[in-house]
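Residue numbers (my numbering), protein chains in the order written: chain Z, 399 to 628; chain U, 121 to 285; chain B, 46 to 186. Idealized CB from N, CA, C, for every residue including glycine. None of the values given here were measured: they were computed from a predicted structure. One structure below.
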Amino acid sequence: MPKKENGPAGIVEFTQSRLEDLVQALAYAAIDDFEACLALMKGTLVGDSFATLEGGFTDFLTQLVGAKSDLNDALVQAEEANRNLEAKLETIERQQAAIRELSTPIIEVWTGVLCLPVVGIVDSQRSAEMTETLLEMIVAKQARTAIVDITGIDAMDTKTADHFIKMAKAVRLLGADCILSGINPGIAQTLTHIGVDLTGIRTLRNLRDALQAYLREHHAEHLRPADRRV
Amino acid sequence: MVTGSSDPGRPVEALAEPVSPRAEERTFPVRAMGDVLIARKRAQELGVQFGLGSRRATELAIAVSELATNIVKYGIHGEVALVLDPAVGVRGGIRVIARDIGPPIRNLEVALQDGCDDTGPIDPALVLRRGGLGTGLGAVLRFADLFEYQQGETGKAITVTFYRR
Amino acid sequence: MKRSTAVSMGSGGSDGSVGRSRAADQNLAIIQIRNCLLVSIQTELHDRLALDLQESLMERVRIADAIGVILDVSAVEVIDSYITRILNDIGKSVRFMGAECYIVGIRPAVAMTLIEMGVELDSVHTALNLDLALERLELLQ
């Protein structure tokens with residue numbers, strides 16, 4: 399690369415090679431090879447007005463490289479943040495599903511009628527918690543009937559099944575009625591296996607049957623006063 | 121089937137059966153009840169995926185739930201690893217390894233009895249105060265095909281196996 | 046309480062030398078509501094006290110021609126097999142006088158314990174609250 403001395407101001411020592419170098423540098427820049435591009439431009443030392451262009455171009459390129467590098471860093475950070483966020487979202491989704499299963503809502507379907515729909519995985523801790531909550535709600539609401547629906551349960555340990563029976567008996571001891579609905583063949587097998595005594599506890603196939611049975615039996619209570627034949 | 125061993129020098133990581141190269145493992149850290157919920161949900165899903173059938177997968181999930189809950193209650197913190205191994209038993213199976221850094225189970229035979237923890241029978245009134253039924257380990261024993269207990273200086277591990285039938 | 050007429054303290058002492066029975070001393074007031082008697086059990090029911098209560102109730106049922114006795118146990122935290130027997134005994138003796146006995150206000154923890162123990166409260170009925178017990182007693186007429 400030819401090096402030129404400072405010529406008189408305004409006179410450009412213009413050579414074909416300087417122009418070619420600039421074009422070559424631009425070509426390198428175009429393909430993102432900034433190293434080669436800047437290496438090429440560093441060779442220019444002449445202080446003429448063309449050099450101003452070369453210098454300006456070099457500055458511009460250097461800034462561009464800096465900006466690109468910053469952008470790249472920011473992108474990497476953003477990607478990582480995104481991955482973290484996705485992982486957290488996934489955890490939240492799973493936890494929400496688990497919480498839905500865990501928090502068995504006790505619904506008061508009518509005045510004095512509580513419904514406990516049980517879904518998901520029932521372990522010993524959960525069945526103990528459910529029993530406590532149900533019994534306390536019966537007292538709090540003075541509910542006369544509790545319908546425990548276990549349609550959503552696939553499998554239950556024998557002792558847990560026994561515990562559900564005890565729950566029903568405790569409900570009756572408090573002075574309320576207990577209806578168990580949704581006993582599938584698997585659970586029925588478990589109950590038979592542990593030789594459970596179901597006297598006093600009504601069992602019905604599904605929740606709808608249980609609710610209908612309740613309505614039939616307590617029909618008169620829910621009539622408007624004018625309709626009651628007393 | 122229960123095997124117990126008490127060897128302070130033996131690391132808790134040792135398993136009774138070797139893990140085959142085609143086995144897949146998923147590990148869930150367990151520190152709080154939220155972790156129990158995640159582990160048991162995933163266990164149920166993996167059980168179904170692995171071909172255990174809906175009911176058996178739920179039994180697996182209950183076992184995982186009981187073991188993980190015990191880690192939270194007594195084991196300070198630990199992890200539950202699910203190893204899906206096609207080479208276990210005749211048709212493959214899922215191994216559940218519940219490890220924690222807590223104290224060893226003092227009286228395994230007593231703890232395995234329903235209505236008891238390892239100090240003895242649980243007062244029925246306390247059942248209602250969220251102590252659980254005291255049937256956790258009993259349930260695990262009833263559901264699983266194989267039950268192993270190991271304790272070492274760094275903690276303890278309970279390994280149960282569910283064969284694919 | 047919907048209806049109440051006379052409020053009277055437990056009397057008819059078991060041993061003639063004391064004007065009031067121990068039941069009254071321990072503040073086991075027997076309240077009359079129409080044709081039923083209500084007792085709110087606040088303290089431990091042991092030995093002498095339980096017998097006193099039983100005798101007082103039988104006497105009051107006779108005097109008032111009551112159709113029912115309602116025992117409110119909402120303040121009782123522990124009912125063991127011994128108390129269960131006392132309650133069953135009260136139920137039987139009251140029945141002997143032609144009335145029925147209802148227990149109201151059993152606490153959840155108490156209910157669970159009773160079921161776990163496998164004891165049967167077979168000589169008494171249970172109801173959620175006083176009104177329901179009165180309703181049932183009237184239906185029995």
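Under 8 Å, do B:Val169 and B:Gly136 count as touching if we go by C-beta distance?
For the purposes of this step, residue 169 of chain B is identified with residue 124 of the third sequence, where counting begins at 1. For the purposes of this step, residue 136 of chain B is identified with residue 91 of the third sequence, where counting begins at 1. Taking 8 Å as the Cβ cut-off, B:Val169 and B:Gly136 qualify as a contacting pair.
What is the rounded straight-line gap between the Cα of Z:Thr456 and the Cα of Z:Asn470?
Translated into the one-based positions of the first sequence, residue 456 of chain Z becomes position 58. Translated into the one-based positions of the first sequence, residue 470 of chain Z becomes position 72. Computed Cα separation, rounded: 21 Å.
Taking just the CA atoms, how far does Z:Thr597 sit from B:Ser66?
To locate residue 66 of chain B, count along the third sequence from 1; it is residue 21. To locate residue 597 of chain Z, count along the first sequence from 1; it is residue 199. Interpretation of B:Ser66 is limited by its pLDDT of 47, a score under 50 that renders its predicted location unreliable; the figure taken from the coordinates is listed afterwards. If I take the Cα positions, the gap works out to 41 Å.
Once DSSP output is grouped into helix, strand and coil, what is the label at Z:Glu484?
Taking the first residue of the first sequence as position 1, residue 484 of chain Z is located at position 86. Z:Glu484 falls in the helix class under three-state DSSP.
Name the chain U residues that come within less than 9 Å of Z:His591, Cβ to Cβ?
Against the first sequence, residue 591 of chain Z aligns to sequence position 193. None at all; the shortest Cβ gap to chain U is about 11 Å.
Can you tell me which of the three DSSP states B:Gly113 falls into?
Within the third sequence, residue 113 of chain B is the residue found at index 68, counting from 1. Strand.
What first and last residue would you give for the beta strand (DSSP E) that runs through Z:Asp547?
Numbered from 1 along the first sequence, position 149 holds the residue referred to as residue 547 of chain Z. Start and end: Thr543 to Gly550.
Please decide whether B:Ala120 counts as near chain Z, where near means a Cβ-Cβ distance under 8 Å.
Looking up residue 120 of chain B in the third sequence gives position 75. Taking Cβ atoms only, chain Z never reaches closer than 8 Å to B:Ala120, which makes this a no.
When you compare the CB positions of Z:Arg600 and Z:Ile577, do they come within less than 8 Å of one another, or not?
Translated into the one-based positions of the first sequence, residue 600 of chain Z becomes position 202. Translated into the one-based positions of the first sequence, residue 577 of chain Z becomes position 179. Against a cut-off of 8 Å, the Cβ pair of Z:Ile577 and Z:Arg600 comes out as a contact.
Going by the DSSP bridge assignment, what does U:Pro241 pair with across the sheet?
The residue you call residue 241 of chain U lines up with position 121 of the second sequence. DSSP, once it has assigned bridges, lists U:Cys236 as partnering U:Pro241.
For the beta strand (DSSP E) that contains Z:Asp446, what are its first and last residues?
The residue labelled residue 446 of chain Z in the question sits at position 48 within the first sequence. No beta strand (DSSP E) contains Z:Asp446, which DSSP labels as neither H nor E.
Taking just the CA atoms, how far does U:Gly256 sit from U:Leu180?
Counting from one through the second sequence, the residue named residue 180 of chain U turns up at place 60. Counting from one through the second sequence, the residue named residue 256 of chain U turns up at place 136. Spanning the two alpha carbons is a distance of roughly 13 Å.
Where U:Lys193 and Z:Leu473 are concerned, what is the direct C-alpha to C-alpha distance, given to the nearest angstrom?
As a first step, residue 193 of chain U is located in the second sequence; it is residue number 73 there, counting from the start. As a first step, residue 473 of chain Z is located in the first sequence; it is residue number 75 there, counting from the start. Each residue's Cα considered, the two are about 43 Å apart.
Do U:Arg215 and U:Val208 have their C-beta atoms within less than 8 Å of each other?
Numbered from its first residue, the second sequence carries residue 215 of chain U at position 95. Numbered from its first residue, the second sequence carries residue 208 of chain U at position 88. It is a contact, given that the beta carbons lie within the stated cut-off.
What residues match up with Z:Thr588 in a beta bridge as DSSP calls it?
Here the question's residue 588 of chain Z lines up with position 190 in the first sequence. Note: Z:Thr588 sits in no beta bridge, so no partner.
Terminal residues of the continuous beta strand (DSSP E) containing B:Gln77?
By 1-based counting over the third sequence, the position of residue 77 of chain B is 32. First-last of the beta strand (DSSP E) with B:Gln77: Ile75 to Ile78.
Mind listing, in chain order, the continuous alpha helix (DSSP H) runs of no fewer than 4 residues lying wholly within the segment 503 to 567 of chain Z?
Those alpha helix (DSSP H) runs which fall completely within the segment 503 to 567 of chain Z and span 4+ residues are 522 to 539.
Taking a Cβ distance cut-off of 8 Å, strictly less, list which residues of the segment 514 to 530 of chain Z are near chain B, in chain order.
So the close ones are Thr529 and Glu530.
Identify, in the order they occur along the chain, each residue of the same chain with its Cβ nearer than 8 Å to the Cβ of Z:His561, setting aside the five sequence neighbours on each side.
In the first sequence, the residue the question calls residue 561 of chain Z occupies position 163. Excluding sequence neighbours, Z:His561 sits near Ser522, Ser525, Ala526 and Thr529.
With a 10 Å radius around its C-beta and 16 neighbouring C-beta atoms as the bar for buried, classify U:Val156 as buried or exposed.
Counted from its first residue, the second sequence places residue 156 of chain U at position 36. Buried is the call here.
Terminal residues of the continuous alpha helix (DSSP H) containing B:Phe141?
As a working mapping, residue 141 of chain B is identified with position 96 in the third sequence. It spans Ser126 to Phe141 - the alpha helix (DSSP H) in which B:Phe141 sits, taken as one unbroken run.
Can you pull out the residues from the segment 539 to 572 of chain Z whose beta carbon lies closer than 7 Å to at least one beta carbon of chain B?
Within the segment 539 to 572 of chain Z, the residues whose Cβ lies closer than 7 Å to some Cβ of chain B are Gln540, Arg542, Lys564, Lys567, Ala568, Leu571 and Leu572, listed in chain order.
Does DSSP put U:Asp205 in a helix, in a strand, or in coil?
Here residue 205 of chain U is taken as the residue at index 85 of the second sequence, counted from 1. It is a strand residue.
I want to verify the contact list: residues of chain U whose CB lies under 7 Å from the CB of Z:Gln493, in sequence order.
Position 95 of the first sequence, counted from the start, is the residue given in the question as residue 493 of chain Z. Correct list: Gly154, Leu157 and Ile158.
Report the neighbours of Z:Gly584 on chain U: residues whose CB is nearer than 8 Å to its CB, in chain order.
As a working note, residue 584 of chain Z is residue 186 in the first sequence. Result: Arg175.
Taking C-beta to C-beta, are B:Leu185 and B:Glu145 nearer than 8 Å?
Residue numbering aside, residue 185 of chain B sits at position 140 when the third sequence is read from its first letter. Residue numbering aside, residue 145 of chain B sits at position 100 when the third sequence is read from its first letter. Yes; because the gap between Cβ atoms is below 8 Å, this pair is in contact.
Suppose you measure from the CA of Z:Tyr426 to the CA of U:Val150; what does that come to, to the nearest Å?
If you number the first sequence from 1, residue 426 of chain Z lands on position 28. If you number the second sequence from 1, residue 150 of chain U lands on position 30. Approximately 55 Å, taken between the alpha carbons.
Could you check whether the Cβ of Z:Ala485 sits closer than 8 Å to any Cβ belonging to chain B?
For this step, residue 485 of chain Z is matched to residue 87 along the first sequence. Chain B contact via Cβ: absent.
Could you tell me which of B:Glu161, B:Ser119 and B:Gly143 sits nearest to B:Thr171, measuring between CA atoms?
By 1-based counting over the third sequence, the position of residue 171 of chain B is 126. If we check each option's Cα against that of B:Thr171, B:Ser119 comes out closest.
Would you decide whether U:Ala152 is buried or exposed? Buried here means 16 or more other CB atoms lie within 10 Å of its CB.
Along the second sequence, read from residue 1 onward, the residue named residue 152 of chain U stands at position 32. U:Ala152 is exposed by the Cβ-count criterion.
What separation, rounded to the nearest whole angstrom, lies between the Cα atoms of U:Ala163 and U:Thr178?
By 1-based counting over the second sequence, the position of residue 163 of chain U is 43. By 1-based counting over the second sequence, the position of residue 178 of chain U is 58. Cα to Cα, the separation comes out at about 8 Å.
Answer yes or no: does any C-beta atom of chain Z fall closer than 8 Å to that of B:Glu161?
Locating residue 161 of chain B in the third sequence gives position 116, where the first residue counts as 1. It does: the Cβ of B:Glu161 has a partner Cβ on chain Z nearer than 8 Å.
With DSSP as the reference, label U:Pro141 as helix, strand or coil.
Here residue 141 of chain U is taken as the residue at index 21 of the second sequence, counted from 1. Coil at U:Pro141, not helix or strand.
Along the segment 593 to 622 of chain Z, what residues have a CB closer than 7 Å to any CB found in chain B?
Residues passing the 7 Å Cβ filter: none.
Report yes if the C-beta of Z:Arg416 is less than 7 Å from at least one heavy atom of the ligand MG; otherwise report no.
What this structure holds is no ligand at all, so the ligand MG is not there to describe.
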